[in-house]
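Data first, discussion second: the structure below is written as structure tokens.
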Amino acid sequence: MKRIRMKYIKNTCACLLVVFSSQLAIAQEQTTGPAALEMLSQRSLWKKTSNPAGLQFDQPFQYSTLSVGYELYDGNFRRPQQGGSGNRQTVHTEGNYRIKDYYLSGSFDYRRDQIKDANYNASIIDPFRGMPYIIADLNPSDWNNQHYEMQFNIASPAYNDQFSFGFAGSYKVSSGAKQRDIRSENYFYNLSLSPGVVYTPSEKHHLGLNFVYSNVKEESYGSNVNNSVDQQYYELLGLGTAVNYLGGGRSNNYIGDALGGGFQYQYAGNVNVLLSADYSVEAEDLQVSFEVPRDGASVLRHIWKAKLAFIKEGTQTSHFLDFNYCNRNMDGIQYVTQRDNSSSQMGWQTLFKSVRSTYSTEQAGVQYHLTSNKGNAYSWKLSAGAVYEKLNDEYLLPNSVKQAENVLFNAGIKKNLALADKKSKQLLVGLDLGYNANISGVYNYGGAHADYPTVTGLEQNDFRYLTSSYASIGVPLVYSQKIKNDSQNMLFIKAQIQAQFTNSYQFNDRIFAGFNVGVNF
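Going letter by letter, the sequence shown gives residues -27 to -1, 1 to 494 in mature numbering (1 follows the signal peptide of the UniProt record, and there is no 0).
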């Protein structure tokens, strides 16, 4: 399989960014300040579902936005495979557009990550995407990653005032390079397509149905620059169980497909209510080597999602209440293989496969927002919520378990200050508070080689992070003004800082900071 041509992808994405931004740069009658776009997102119930056919019912206004940003982070309160510090540069553009009675929306994102001192990962760009079968080495290393993501949604008008159709797609491409032996050069893509339909039996009732298909692939090429020194590395099998090797790593080929669907119901009355439920099944295989492929491992994921949202809008204030649920169950499948060098085969044969590990993550949350309305924006906003999360992972034989239960509480306030009428100068200032309360947790390793660093370094420190209680505080600031006094185009400058504090185990804190500048059209 040929590698993804990153140069071609970069040029294509750059062209799409220019064309997309120019098409959407149309002055609107609606205010396009940061608070107005935030309220539009808050009101857009169908945009938060997987069905693009319902986007017309959100009654969005036309706008586009373009921004560039810089972010950084530092601190030892982290998972072992995260960077000790790092920074990223971002480019973001999105917008809504109408062509006659058709509604279109889209976005493009570019992100360049410079991750410093990441541990126990020599084969995958994102070690937290639900693929436990990776290569881990003992050398903390930097990673240089680039990500491109494009999304689009198309929604038709209602035919016979009853049937609306939609189509959505997203394409994400990433490249990554580990900077220290064992070095890894990675190429990743994910393509997702979703057709949908909404049936409207009456003015206030809407029933939606959609399907989702996605395809994922990641290629990983391991090597050493210093060929005179063989590096020690481990093939991870789950929860600390691993096989020890010496050398320059190996080439891994991850290939996966997913199929799913969703159902939605909306009641549009004095209270706007939307109920959505989604299910998907994802299968991803690991093949070792490209020359003579060997079945390495597989994962099978079952994902359930549900959402119940309420919106009550008045002339003075508006209320938003969301309930969310997500459950992901994953089976880890291992293979017994044998090399067959006969003239008729010349490759690897799979003799047996079985489920050797299971992974379960369950989340349930509630979020409430109260806003004081000001045109299509808000004067102030109060927020409060809580998220319960339960992790339950198990390696079946020999038995090992890792479990963690946490509740994350959050509260926030934002105030939209009018600084001057000329050019509509505004300052949006906020305060976000959070507290994660650990309820319970256990990590018991029952396999061989309990002294392996995959147990003592990777899994034990990951468990300590997952069972740590911590507090967080964040301050977002957004300054905005019209570019010209008679224009609707808004210039904005964003700055934000967030800090997490804990006294759990050997951890201390983690600091995040970011800066963005952009234009809303």
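Built from N, CA and C at the ideal position, the CB exists for glycine as well.
| Asked | Found |
| --- | --- |
| Cβ-Cβ separation, N379 to N409 (assumed contact under 8 Å), whole Å | 6 Å |
| Proximity to G27 [Cα-Cα], best of S17, F34, Y36, Q433 | S17 |
| Exposure of V451, with buried meaning 16 or more beta-carbon neighbours within 10 Å | buried |
| Assigned exposure category for A(-1) - 16 Cβ within 10 Å defines buried | Unreliable placement is indicated for A(-1), whose pLDDT of 36 sits below 50; the coordinate value is still reported in the next sentence. Looking at its Cβ environment, which holds fewer than 16 other Cβ atoms inside 10 Å, A(-1) is exposed. |
| Helix, strand or coil at A(-1) according to DSSP, with G and I counted as helix | Residue confidence for A(-1) is low, a pLDDT of 36 falling below 50, so the modelled location carries little weight; the figure read from the coordinates is stated next. A(-1): coil per DSSP, three-state reduction. |
| Rounded straight-line distance, which links the Cα of V216 to that of E432 | 15 Å |
| Local Cβ density within 10 Å of H178, reported as buried at 16 or more and exposed below that | exposed |
| M12, enclosing alpha helix (DSSP H) - first and last residue | 7 to 16 |
| Per DSSP, the bridge partner or partners of R274 | E255, M303 |
| Where T73 falls: helix, strand or coil (DSSP) | Sequence check: residue 73 is Lys here, not Thr. In this structure, K73 counts as coil in the three-state DSSP scheme. |
| Exposed unless 16 or more other CB atoms sit within 10 angstroms - verdict on A391 | exposed |
| Cβ neighbour criterion (16 or more within 10 Å) applied to P25 | buried |
| Beta carbon of F161 nearer than 9 Å to that of G149 | yes |
| Neighbourhood of A(-3) by C-beta distance below 7 Å, restricted to the same chain and skipping five residues each side | Unreliable placement is indicated for A(-3), whose pLDDT of 38 sits below 50; the coordinate value is still reported in the next sentence. Correct list, in chain order: S37, F494. |
| Within-9 Å CB hit, E367 to chain B | Looking at the structure shown, chain B is missing, and only one protein chain is on hand. |
| Close-in-space but distant-in-sequence residues of the same chain around E2 (CB under 6 Å, 5 per side omitted) | With a pLDDT of only 46 at E2, under the threshold of 50, the placement of this residue in the model should not be trusted, and no figure is reported. |
| contact_flag[the stretch 84 to 95, the stretch 111 to 131] where n(CB pairs < 8 Å) is 3 or more | yes |
| Beta-carbon contacts of K388 that lie in its chain and below 6 Å, excluding the five residues immediately before and after | W353, V402 |
| Supposed contact pair G447 and D405 - C-beta distance, whole angstroms, cut 8 Å | 4 Å |
| Whole-Å CB distance - R52 paired with R84, under 8 Å assumed | Actually they are not in contact, since the Cβ atoms of R52 and R84 sit about 19 Å apart, beyond 8 Å. |
| Burial state of R312 (16 or more Cβ within 10 Å) | exposed |
| Limits of the beta strand (DSSP E) - the one that F436 falls within | It is not in any beta strand (DSSP E) - F436 instead sits in the alpha helix (DSSP H) that spans 433 to 439. |
| Backbone CA spacing between L77 and M12 [nearest angstrom] | 19 Å |
| Coarse secondary structure for Y93, derived from DSSP in three states | coil |
| Alpha-carbon spacing of Y341 relative to N458, whole angstroms | 36 Å |
| Sheet register partners of K398 (DSSP bridge) | A393 |
| Euclidean distance between Cα positions of Y332 and L439 | 15 Å |
| Separation of G195 from Q(-5), as counted between CA atoms | Reliability of the predicted coordinates at Q(-5) is poor, the pLDDT of 41 falling under 50, and the value obtained from them is presented with this limitation in mind. Q(-5) and G195: Cα-Cα distance of roughly 43 Å. |
| Short Cβ contact (9 Å threshold) for Q336 with V360 | yes |
| Separation of T63 from A8, as counted between CA atoms | 21 Å |
| Test item: CB-CB of F488 and N481 under 9 Å | no |
| DSSP-derived helix/strand/coil call for D31 | helix |
| Reference L273, options L248, V261, I228, P266, closest by Cα | I228 |
| Rounded straight-line distance, which links the Cα of S143 to that of S(-7) | At S(-7), the pLDDT of 43 sits below 50, so the modelled position is not reliable; the number obtained from the coordinates is stated separately. Between S(-7) and S143, the C-alpha separation is close to 17 Å. |
| Option in L343, P174, I284 with minimal Cα separation from L247 | I284 |
| Between the CA atoms of I386 and A256 - distance to the nearest angstrom | 42 Å |
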